[in-house]
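*Asks:* Note that numbering that gives the first Met the number 0 numbers the sequence shown so that position 283 is 282, with each residue one more than the last.
Don't be surprised by glycine CBs; every beta carbon is placed ideally from N, CA and C.
Keep in mind it's a predicted model, so treat the numbers as computed, not measured.
The structure follows.
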Amino acid sequence: MAVSLDLTDAALRDRLGGGAGPTADKPCLIGLTREQLGDALRGAGVPDRQVRMRVQQLWHWLYVRGVSDFDRMTNVSKDLRAMLRDKFSIARPEIVEEQISNDGTRKWLLRFPPRGAGRPVEVETVYIPEEGRGTLCISSQVGCTLTCTFCHTGTQKLVRNLTSEEIIAQLLLARDRLGDFPDGDTPQGAIVPSEGRKVSNIVMMGMGEPLYNFDHVRDALLVAADGDGLSLSRRRITLSTSGVVPQIVPMGEQTGVMLAISLHAVTDELRDVLVPINKKYPLAELLDACRAYPGLSNAKRITFEYVMLKGVNDSLADAKELVRLLKGIPAKINLIPFNKWPGSDYECSDWEQIENFADFINANGYASPIRTPRGQDILAACGQLKSASERMKKTERLAYEAMMIAGHGG
Ligand code: SAH
Ligand code: SF4
0 MAVSLDLTDA ALRDRLGGGA GPTADKPCLI GLTREQLGDA LRGAGVPDRQ
50 VRMRVQQLWH WLYVRGVSDF DRMTNVSKDL RAMLRDKFSI ARPEIVEEQI
100 SNDGTRKWLL RFPPRGAGRP VEVETVYIPE EGRGTLCISS QVGCTLTCTF
150 CHTGTQKLVR NLTSEEIIAQ LLLARDRLGD FPDGDTPQGA IVPSEGRKVS
200 NIVMMGMGEP LYNFDHVRDA LLVAADGDGL SLSRRRITLS TSGVVPQIVP
250 MGEQTGVMLA ISLHAVTDEL RDVLVPINKK YPLAELLDAC RAYPGLSNAK
300 RITFEYVMLK GVNDSLADAK ELVRLLKGIP AKINLIPFNK WPGSDYECSD
350 WEQIENFADF INANGYASPI RTPRGQDILA ACGQLKSASE RMKKTERLAY
400 EAMMIAGHGG
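Structure (structure tokens):
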């Protein structure tokens, strides 16, 4: 049975060590580039000649050690720690809810404080453990401006872009909860080696269109890939886009991460309906941008995501056209069984049809894994984020909370 935990209750949150979350009044030092971090320290009175060294120290504490409290930075003087605590925050966001599926998938509902005159926002982050690796699915926006007809997030209006801090905070929090950072009592040198980490891969496939939040997503990915910090290989970071053509190559140039394209249809006529951004950037332009993606090679292929919709895009003629369209592009094809949500008119293709489709693609030389739906009991699958948890919250919270207090579900 899935386990869910409501962490809005302060006592329960304290018991589990979840922070109260950053406050809006103090600027947060998480998610800044080294230059921005240096500027923040300088602005707070750290002498110029010390800035470089302090940035190094903070970077190590924040991203290698994973601390969320200035007082644990033992090689920083007490006075400086007091000043930093006074002026800045490095607290984690509030965990509103944590759910653990019976297949090990975890989903966190996180709350971030208001930015400016706005309201607090909630986003979801999903962790998917697999044989030999673990993937964290990160959100880039609250809601989405696009309206792909099969996607539940697409029915929600955009509330706002997440900042790079909020994007990186999703990764830090997952690492906290999964034990990927050395805990407080481990000796200084005992760092969890990168091969042994639970979060080995990240995908920008949560809520939102990452290329409509370009700067913050880019900065966050550069922090995640920094070799002296979180140290995720660029080969293990994938950005998924519905096809914001002008931003595809620049994102590749500036970050070097892997690219996934939400293709879903092989004709402009159908893609205009399923992924309406296609009306602005049609297939031919999208595929040209793919061909121009920096570093593209057989070792660095583009993943084309293809949601299987019964009677809509799942015929063998579609499969044939798909193979023709992608000719010459180093590609993987990821078939995603459609995750149904209340109010959607689509159905998932029959299993046999998905297999026939996959067989055809395989026979034409493409690896085409069918993405196994994960975390279905906690509504953690693609396209189900946020709205679904809002529905669940009220009905399930109390029961699960009682269960947690009784000691289950650790
Ligand atoms: N906005 C970006 C990234 C987030 S969506 C994008 O569209 O690429 C992550 C993936 O889930 C996309 O490929 C999206 O098309 C797919 N998806 C959305 N809703 C889905 C659903 N109900 N069932 C299966 N896949 C879905
Ligand atoms: Fe937005 Fe991606 Fe959903 Fe389309 S599929 S509505 S771009 S989140």
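In angstroms, rounded to a whole number, what distance separates the CA positions of Asp70 and Glu304?
*Replies:* Translated into positions along the sequence shown, residue 70 becomes position 71. Translated into positions along the sequence shown, residue 304 becomes position 305. The alpha-carbon atoms of Asp70 and Glu304 are separated by roughly 45 Å.
*Asks:* How do the region 25 to 40 and the region 148 to 168 stand: do at least 3 beta-carbon pairs fall below 8 Å, yes or no?
*Replies:* As far as the Cβ criterion goes, the region 25 to 40 touches the region 148 to 168, which means the pair count is three or higher.
*Asks:* For Ser163, does the three-state DSSP call read helix, strand or coil?
*Replies:* On the sequence shown, position 164 is the one that residue 163 refers to. Ser163: helix per DSSP, three-state reduction.
*Asks:* Quick one, which of Pro293, Pro336 and Arg300 has its alpha-carbon nearest Ile365's?
*Replies:* Translated into positions along the sequence shown, residue 365 becomes position 366. The residue asked about is misnamed: residue 365 is Tyr in this sequence, not Ile. Closest by alpha carbon: Arg300.
*Asks:* Can you say whether Gly103 is buried or exposed, counting buried as having 16 or more other CB atoms within 10 angstroms of its CB?
*Replies:* Counting from 1 along the sequence shown, the entry for residue 103 is found at position 104. Answer is exposed; the Cβ neighbour count stays below 16.
*Asks:* State yes or no: is the beta carbon of Ser314 nearer than 8 Å to at least one beta carbon in chain B?
*Replies:* Within the model displayed, chain B is absent; a lone protein chain is all it includes.
*Asks:* Looking at His263 and the ligand SAH, is the gap between the Cβ and the nearest heavy atom below 7 Å?
*Replies:* Mapped onto the sequence shown, residue 263 falls at position 264. Yes, the ligand SAH has a heavy atom inside 7 Å of this Cβ.
*Asks:* Suppose you measure from the CA of Ala316 to the CA of Arg270; what does that come to, to the nearest Å?
*Replies:* By one-based count along the sequence shown, residue 316 stands at place 317. By one-based count along the sequence shown, residue 270 stands at place 271. Distance between the alpha carbons of Ala316 and Arg270 is about 15 Å.
*Asks:* Check Cys150 in the structure and name its three-state DSSP category.
*Replies:* Taking the sequence shown and counting its residues from 1, the one referred to as residue 150 is at position 151. Coil at Cys150, not helix or strand.
*Asks:* Between the region 197 to 212 and the region 237 to 245, do three or more beta carbon pairs fall short of 8 Å?
*Replies:* Verdict: yes, contact present.
*Asks:* Mapping DSSP to helix, strand and coil, what is Arg118?
*Replies:* One-based indexing of the sequence shown puts residue 118 at position 119. Residue state, collapsed to three classes: coil.
*Asks:* For Lys77, which of helix, strand or coil comes out of DSSP?
*Replies:* As a working mapping, residue 77 is identified with position 78 in the sequence shown. Three-state DSSP puts Lys77 in a helix.
*Asks:* I think Gly242 touches Ser261, with their Cβ atoms under 8 Å apart; what is that distance to the nearest whole Å?
*Replies:* If you number the sequence shown from 1, residue 242 lands on position 243. If you number the sequence shown from 1, residue 261 lands on position 262. Contact flag correct, Cβ pair sits at about 7 Å.
*Asks:* Quick check: Pro92 and Leu172, are their CB atoms within less than 8 Å of each other?
*Replies:* Your numbering for residue 92 matches position 93 in the sequence shown. Your numbering for residue 172 matches position 173 in the sequence shown. In this structure, Leu172 lies closer than 8 Å to Pro92 by Cβ.
*Asks:* So, is Ser296 buried or exposed, given that buried needs 16 or more other C-beta atoms within 10 angstroms?
*Replies:* Translated into positions along the sequence shown, residue 296 becomes position 297. Exposed is the call here.
*Asks:* Say yes only if the C-beta of Glu334 is nearer than 7 Å to one or more non-hydrogen atoms of the ligand SF4, and no if none qualify.
*Replies:* Here residue 334 is taken as the residue at index 335 of the sequence shown, counted from 1. Position check: residue 334 holds Leu in this sequence, whereas Glu was assumed. Checking the Cβ of Leu334 against the ligand SF4 gives no.
*Asks:* Would you kindly report the start and end of the unbroken alpha helix (DSSP H) that includes Ala259?
*Replies:* In the sequence shown, the residue the question calls residue 259 occupies position 260. Not the alpha helix (DSSP H): Ala259 falls in the beta strand (DSSP E), residues Met257 to Ser261.
*Asks:* Taking only heavy atoms of the ligand SF4 into account, decide whether any of them is closer than 7 Å to the Cβ of Cys347.
*Replies:* Within the sequence shown, residue 347 is the residue found at index 348, counting from 1. The answer is no for Cys347.
*Asks:* Which residue comes first and which comes last in the alpha helix (DSSP H) that contains Trp350?
*Replies:* Numbered from 1 along the sequence shown, position 351 holds the residue referred to as residue 350. Run containing Trp350: Trp350 to Ala362, per the alpha helix (DSSP H) assignment.
*Asks:* CA-CA distance, Phe213 and Gly310?
*Replies:* Position 214 of the sequence shown, counted from the first residue, corresponds to residue 213. Position 311 of the sequence shown, counted from the first residue, corresponds to residue 310. Rounded to the nearest angstrom, the two C-alpha atoms are 35 Å apart.
*Asks:* Helix, strand or coil for Thr240 per DSSP?
*Replies:* Numbered from 1 along the sequence shown, position 241 holds the residue referred to as residue 240. Strand.
*Asks:* By DSSP, does Ala387 sit in helix, in strand, or in coil?
*Replies:* Counting from 1 along the sequence shown, the entry for residue 387 is found at position 388. Confidence in Ala387 is poor, its pLDDT being 46 and thus under 50, which makes the residue's placement too unreliable to answer from.
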